[in-house]
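Asker:
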Amino acid sequence: MRNRFTLFQSHLDLAHQYWSRLITVGDRVIDATCGNGHDTVFLASLGAKVISIDVQQEAINQAIERAQNEGVDQFVTFVNGCHSEFPEEVENSSVKLIVYNLGYLPGGDKEITTQVMTTQTSIQHAMELISPGGMISITCYPGHQEGQREEEELLNFFQILNPQDWSCCQHRWVNRKQSPSLILLQKNLNFVA
Ligand code: SAH
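When we follow this note's numbering, the leftmost residue of the sequence shown carries the number 239, and every step to the right adds one.
#1: Kindly indicate the opening and closing residues of the alpha helix (DSSP H) around residue 363.
#2: Where does the unbroken alpha helix (DSSP H) through residue 281 begin, and where does it stop?
#3: I'd like the ranges of any beta strand (DSSP E) spanning at least 3 consecutive residues and lying wholly in the segment 363-421.
#4: Determine the extent of the alpha helix (DSSP H) in which residue 213 is found, giving its start and end residues.
#5: Going by the beta-carbon positions, is the gap between residue 316 and residue 292 smaller than 9 Å?
#6: Can you tell me where the beta strand (DSSP E) with residue 242 in it begins and where it stops?
#7: By DSSP, does residue 298 sit in helix, in strand, or in coil?
#8: Tell me, to the nearest whole angstrom, how far the beta carbon of residue 367 is from that of residue 430; I am working on the premise that it is less than 8 Å.
#9: Report yes if the C-beta of residue 256 is less than 8 Å from at least one heavy atom of the ligand SAH; otherwise report no.
#10: Distance check for residue 399 and residue 371, CA to CA, integer angstroms please.
#11: For a test of your reading of the model: does the CB of residue 305 fall under 8 Å from any non-hydrogen atom of the ligand SAH? Yes or no.
#12: Distance check for residue 265 and residue 272, CA to CA, integer angstroms please.
#13: Quick one: does the C-beta of residue 302 sit closer than 8 Å to a heavy atom of the ligand SAH?
#14: Could you check the C-alpha separation between residue 253 and residue 354 for me, to the nearest Å?
#15: So, residue 319 versus residue 297, is the Cβ gap smaller than 9 Å?
#16: Taking 8 Å as the line, does the beta carbon of residue 364 fall inside it for any heavy atom of the ligand SAH?
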């Protein structure tokens with residue numbers, strides 16, 4: 239699928255491209271859905287200090303191994319827990335990028351999927367933690383029922399945000415039904431808390 243696009247990029251490649259443009263060495267970032275750690279390793283390789291969260295210890299174990307193999311494990315703090323709460327020591331307006339890859343772990347238990355309620359709670363906290371100029375990146379998978387609800391509810395919420403404070407855009411395929419989409423939410427530089 240990925241290599242079929244000659245001009246456009248998949249939602250994941252596009253997300254990575256935006257992250258690369260935003261991150262400078264030493265930035266604090268959070269991967270709110272660690273999974274098997276592809277995104278965490280990518281972010282750590284950019285020189286970011288990453289906090290990576292997942293409800294499944296099994297996923298975290300895989301991610302630790304991946305980070306060790308890539309030689310970036312010293313840049314990552316892994317947290318086994320729900321992303322509706324972030325570690326207490328993370329201060330408001332201190333995080334450059336928070337990423338979500340919603341849904342369930344590829345090759346894992348499809349019952350353990352992100353849920354509308356906890357995703358919304360998490361994103362509301364994330365919006366406080368993000369620094370002005372920083373971004374929240376969310377890949378949505380409307381191909382399953384909970385994923386469809388998540389995308390709908392998030393869009394409903396983002397659509398009414400004050401454009402003075404936030405800039406939000408979505409990349410979605412217009413002619414592919416239920417295909418994944420990428421939502422990007424940037425806190426404007428002149429945001430006043
Ligand atoms: N970004 C990952 C894939 C993420 S899949 C990668 O690159 O491989 C989604 C992950 O979210 C799963 O591992 C699942 O366990 C996790 N998850 C589901 N609900 C969660 C919650 N409430 N808090 C934190 N993680 C959650």
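Note that the Cβ used here is the ideal one computed from N, Cα and C, for glycine as well.
Answerer: Let me lay it out:
#1: Membership of residue 363 in the alpha helix (DSSP H) is indicated by the continuous run 354-367.
#2: Element bounds for residue 281: 276-283.
#3: Complete beta strand (DSSP E) runs here, min 3: 368-378, 404-409.
#4: Residue 213 is absent from the structure shown; the chain starts at 239 and stops at 431.
#5: It is a contact, given that the beta carbons lie within the stated cut-off.
#6: First-last for residue 242: undefined, no H or E at that position.
#7: Looking at residue 298 - three-state DSSP - the assignment turns out to be helix.
#8: With 8 Å as the limit, residue 367 and residue 430 do not qualify as a contact, their Cβ atoms being about 16 Å apart.
#9: The answer is no for residue 256.
#10: Distance between residue 371 and residue 399, taken at the CA atoms: about 16 Å.
#11: Because no heavy atom of the ligand SAH lies under 8 Å away, the Cβ of residue 305 does not count as near it: no.
#12: If you draw a straight line from the Cα of residue 272 to the Cα of residue 265, it comes to about 18 Å.
#13: Answer for residue 302: no, Cβ out of range of the ligand SAH.
#14: Computed Cα separation, rounded: 21 Å.
#15: No.
#16: No - the ligand SAH has no heavy atom lying nearer than 8 Å to the Cβ of residue 364.
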